[in-house]
Amino acid sequence: MRRIPNDAECAQVLIGSMHNLTRPIMAFVRLSRGLSIDNMSEVSLPVKFIFLLIGPAMEEYFEIGRSLSTLFSTPDFRDVAYQAMDRRDLLYAINDFFSDSIVLPPGDYDKELLLPIIETAKMKKNNANKRSIGSKSQNRTRSNDSQQQQASSQSTRILLAKMSTLSHDKQDEDPFLRSGFVFGGVYREMHRRYTYFKSDFLDACSLHCLISLIFMFIACLAPALTFGGIIADKTCNRLGVNEMLIASSINGFLFGLFSGQPLLILGPTGPFLVFEEVLCQSLNADFWTVRCCVSLWTTFFIIILVAFEGSFMIRHVTRFTEEIFALIIALVYLYEPFKKLYKIFLSNPVQYKYNYDYPLTCSCNISSILNTTFAFDNMNSSFDDFLFSSTSKYSCYDCISRQDLFSSSNSLYNNSISKSNDENQLPNKALLSFIILIGTCFISVALKRFRRSKFFGRTTRQTLSDFGMTIALIFMVLFDMLVTKSAGGHSLTQKITVPNSIRPSDLERDNIWFISPLRKRLPFWVYFASSFPAILISVVLFFEVELTGIMIQSKLKCVHSTKVIKGTGYHLDIMIAGILISISGLFGLPWICAAPVRSLAHVASLSKYSNTHAPGEKARLIDIKDQRLTNIGVHLLIGCTIFAAPI
Numbered sequence: 037m038r039r040i041p042n043d044a045e046c047a048q049v050l051i052g053s054m055h056n057l058t059r060p061i062m063a064f065v066r067l068s069r070g071l072s073i074d075n076m077s078e079v080s081l082p083v084k085f086i087f088l089l090i091g092p093a094m095e096e097y098f099e100i101g102r103s104l105s106t107l108f109s110t111p112d113f114r115d116v117a118y119q120a121m122d123r124r125d126l127l128y129a130i131n132d133f134f135s136d137s138i139v140l141p142p143g144d145y146d147k148e149l150l151l152p153i154i155e156t157a158k159m160k161k162n163n164a165n166k167r168s169i170g171s172k173s174q175n176r177t178r179s180n181d182s183q184q185q186q187a188s189s190q191s192t193r194i195l196l197a198k199m200s201t202l203s204h205d206k207q208d209e210d211p212f213l214r215s216g217f218v219f220g221g222v223y224r225e226m227h228r229r230y231t232y233f234k235s236d237f238l239d240a241c242s243l244h245c246l247i248s249l250i251f252m253f254i255a256c257l258a259p260a261l262t263f264g265g266i267i268a269d270k271t272c273n274r275l276g277v278n279e280m281l282i283a284s285s286i287n288g289f290l291f292g293l294f295s296g297q298p299l300l301i302l303g304p305t306g307p308f309l310v311f312e313e314v315l316c317q318s319l320n321a322d323f324w325t326v327r328c329c330v331s332l333w334t335t336f337f338i339i340i341l342v343a344f345e346g347s348f349m350i351r352h353v354t355r356f357t358e359e360i361f362a363l364i365i366a367l368v369y370l371y372e373p374f375k376k377l378y379k380i381f382l383s384n385p386v387q388y389k390y391n392y393d394y395p396l397t398c399s400c401n402i403s404s405i406l407n408t409t410f411a412f413d414n415m416n417s418s419f420d421d422f423l424f425s426s427t428s429k430y431s432c433y434d435c436i437s438r439q440d441l442f443s444s445s446n447s448l449y450n451n452s453i454s455k456s457n458d459e460n461q462l463p464n465k466a467l468l469s470f471i472i473l474i475g476t477c478f479i480s481v482a483l484k485r486f487r488r489s490k491f492f493g494r495t496t497r498q499t500l501s502d503f504g505m506t507i508a509l510i511f512m513v514l515f516d517m518l519v520t521k522s523a524g525g526h527s528l529t530q531k532i533t534v535p536n537s538i539r540p541s542d543l544e545r546d547n548i549w550f551i552s553p554l555r556k557r558l559p560f561w562v563y564f565a566s567s568f569p570a571i572l573i574s575v576v577l578f579f580e581v582e583l584t585g586i587m588i589q590s591k592l593k594c595v596h597s598t599k600v601i602k603g604t605g606y607h608l609d610i611m612i613a614g615i616l617i618s619i620s621g622l623f624g625l626p627w628i629c630a631a632p633v634r635s636l637a638h639v640a641s642l643s644k645y646s647n648t649h650a651p652g653e654k655a656r657l658i659d660i661k662d663q664r665l666t667n668i669g670v671h672l673l674i675g676c677t678i679f680a681a682p683i
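Going left to right, the sequence shown walks through residues 37 to 683 as this note's numbering numbers them.
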């Protein structure tokens, strides 16, 4: 209210629809004096203008209301509205508004660069008004026109000089400007960013960052568990949930501690999952050794790229490329759940009649089964180890007979998917999985759109929108637990089981984490041939890290100009990510890369908008908590979840 003048009046725009109308009805009312009408406007102000539009229900009139509200926000149209005598005056005012408008394509623009365009448009408008008014004498008109042209050319030169000055200043701060010596970009970013190292921790001491930490922990834990289960299926259980949680924790902690842009979140992504699957299916026995060599080659290529400041190439990437990149990631996320659901429908198809005589409680002697020793490839291991290490851990073992376990042991160890017999098919398993999938998507999308709804207050809507995915996951997990309890404790859906101990998922590694590139004697040419997949991985890593960094930096530039930007990490971040690839390869951990969706969610959770804007005015982004503590804390909590397996 402090920003509203004392003599201010408001205009009310009312849009509606009725089923019994055949054509729209519109009325524009100007009251002789402003009236205070209760529950008419958001702010208690006298109402001067009322615009009413009612039409058939099948039409959408929301945009018409927005357009008229935009007209009322311009001073010229308001002046005409106060003095208009008939409809033609309003139409002339609308045409003048279109004539003076500047149409820009969608995009993020720097207001300093748009300023010369706006000033030039105002100048042309003033010149046109002066020419339309005219002068008493033609000579005086010509002299005035020449003076105006001289003033216009002089102002244009001043504006061009300002633009060149701005471009020169931006060139000095250009993170892609090549320094001319080896690792010059890394040194420049380290020198600028590490100056604020202490501030990166002190700036996180607020309730806002604590809420962001909790939100991002849930947002990062769910993909880590999901990709852990998927990568176990793709790699024949050589990599699993344990490795994924450890890799996410270690890589994220180190990156958050030393990176140039700590708002960037590392996590499992779809492209690297495809590389893991292809290497596992192609190499089989030599998987670990070749994978380690590929990791070392990837780090080598990334370091060479950073040494010669190759990150400057990303400046040629357009918004179109960024959108394609985001689309590919979205398609990967959409493809995997439906592929998994298809396999569930194959193994447990929907039938007309089911055998409901399966035991709801365990009737077999599990203790004797767990103590049984199996021999696989001249290696003795207890069935307990086999049970927790195999991807068959998703099955319900407590309701399978001992004879079925012995007959299917070979297929379980080889991780082959066999179609269940009609007697063992679980009723409604596929339908329940489909309901949980669709229900999770529906709840999360509905809550995401809740931000623009008309229910509750602004803070409540924003909170429900931010925690939409978390609420959807919790709700559907409780629903699955309720169904499991109703079925006598018999689980009908697949579950991701986190092992109780920290050990490799692959039994061949014998609890040894470190993997040497000389672990197996391979032909000499294999060590050089592994550089070819490393080139592809380097390209994917480069684009994912750099494009995500550009997206984050564009958000930071939207903050008010008085805020300090602590620096960028286009060179430093890609070098750290490349080194982490080798660490993951040497210790048999999944490759971790920049996660664009989670990174943007991290930035959004740390954003602060103005709460003093006038009604109808867009909230202004005033601050983004650029700090390290939330990134470090999130990945430390992810590492602690390994010890919370019983929960």
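Glycine included, each C-beta is placed from N, C-alpha and C at the ideal position.
Where residue i sits in the DSSP three-state scheme
i, result
"proline 559", "coil"
"methionine 54", "strand"
"aspartate 659", "strand"
"cysteine 272", "coil"
"cysteine 33", "What the structure shows of the chain is the stretch from 37 to 683, and residue 33 is not part of that stretch, so it cannot be assessed."
"tyrosine 645", "strand"
"leucine 363", "helix"
"valine 353", "coil"
"isoleucine 90", "strand"
"valine 218", "coil"
"glutamine 48", "strand"
"phenylalanine 212", "coil"
"leucine 249", "helix"
"leucine 302", "strand"
Spatial distance of residue i from residue j (CA atoms)
i, j, result
"valine 639", "isoleucine 658", "13 angstroms"
"phenylalanine 217", "tyrosine 232", "25 angstroms"
"asparagine 667", "valine 342", "24 angstroms"
"leucine 382", "tyrosine 369", "21 angstroms"
"methionine 226", "serine 643", "25 angstroms"
"isoleucine 588", "methionine 252", "16 angstroms"
"leucine 257", "valine 386", "32 angstroms"
"aspartate 136", "isoleucine 130", "10 angstroms"
"serine 641", "threonine 262", "23 angstroms"
"leucine 290", "glutamate 45", "57 angstroms"
"aspartate 213", "phenylalanine 348", "Here residue 213 is leucine; the residue named in the question, aspartate, does not match the sequence. In a straight line, the C-alpha of leucine 213 is about 7 angstroms away from that of phenylalanine 348."
"asparagine 75", "valine 83", "11 angstroms"
"serine 318", "lysine 593", "45 angstroms"
"aspartate 322", "isoleucine 532", "27 angstroms"
Nearest residue (CA-CA) to residue i, options the options
i, options, result
"alanine 255", "Leu672, Thr506 and Pro626", "Thr506"
"isoleucine 615", "Leu243, Ile301 and Phe337", "Phe337"
"methionine 121", "Trp627, Glu279 and Leu67", "Leu67"
"arginine 656", "Gln663, Arg664, Tyr645 and Asp662", "Tyr645"
"isoleucine 586", "Met54, Ile660, Gly605 and Arg123", "Gly605"
"aspartate 502", "Arg634, Val576, Gly288 and Ile612", "Arg634"
"arginine 123", "Gly288, Ala63 and Ser72", "Ala63"
"lysine 234", "Val277, Leu293 and Ser574", "Leu293"
"serine 295", "Glu582, Cys594 and Ala637", "Glu582"
"arginine 114", "Ile282, Ala47 and Arg485", "Ala47"
"aspartate 609", "Ile339, Ile138 and Leu558", "Ile339"
"arginine 69", "Asp43, Lys521 and His55", "Asp43"
"threonine 357", "Phe579, Pro553 and Phe344", "Phe579"
"tyrosine 301", "Lys376, Lys602 and Ile612", "One detail in the question is off: residue 301 reads as isoleucine in this sequence, not tyrosine. Of the candidates Lys376, Lys602 and Ile612, the one whose C-alpha sits nearest the C-alpha of isoleucine 301 is Ile612."
"alanine 362", "Ala93, His55 and Pro632", "Pro632"
"alanine 630", "Phe679, Gly288, Leu88 and Arg494", "Gly288"
Cβ neighbour criterion (16 or more within 10 Å) applied to residue i
i, result
"histidine 352", "exposed"
"leucine 625", "buried"
"alanine 117", "buried"
"alanine 366", "exposed"
"cysteine 676", "exposed"
"phenylalanine 237", "exposed"
"leucine 140", "exposed"
"isoleucine 360", "exposed"
"threonine 305", "buried"
"threonine 354", "exposed"
"lysine 270", "buried"
"arginine 488", "exposed"
Could you tell me which whole beta strand (DSSP E) segments of length 3 or greater appear in the segment 567 to 620?
The qualifying runs do not exist here; there are none.
Inside the segment 65 to 128 only - beta strand (DSSP E) runs reaching at least 3 residues
83 to 92
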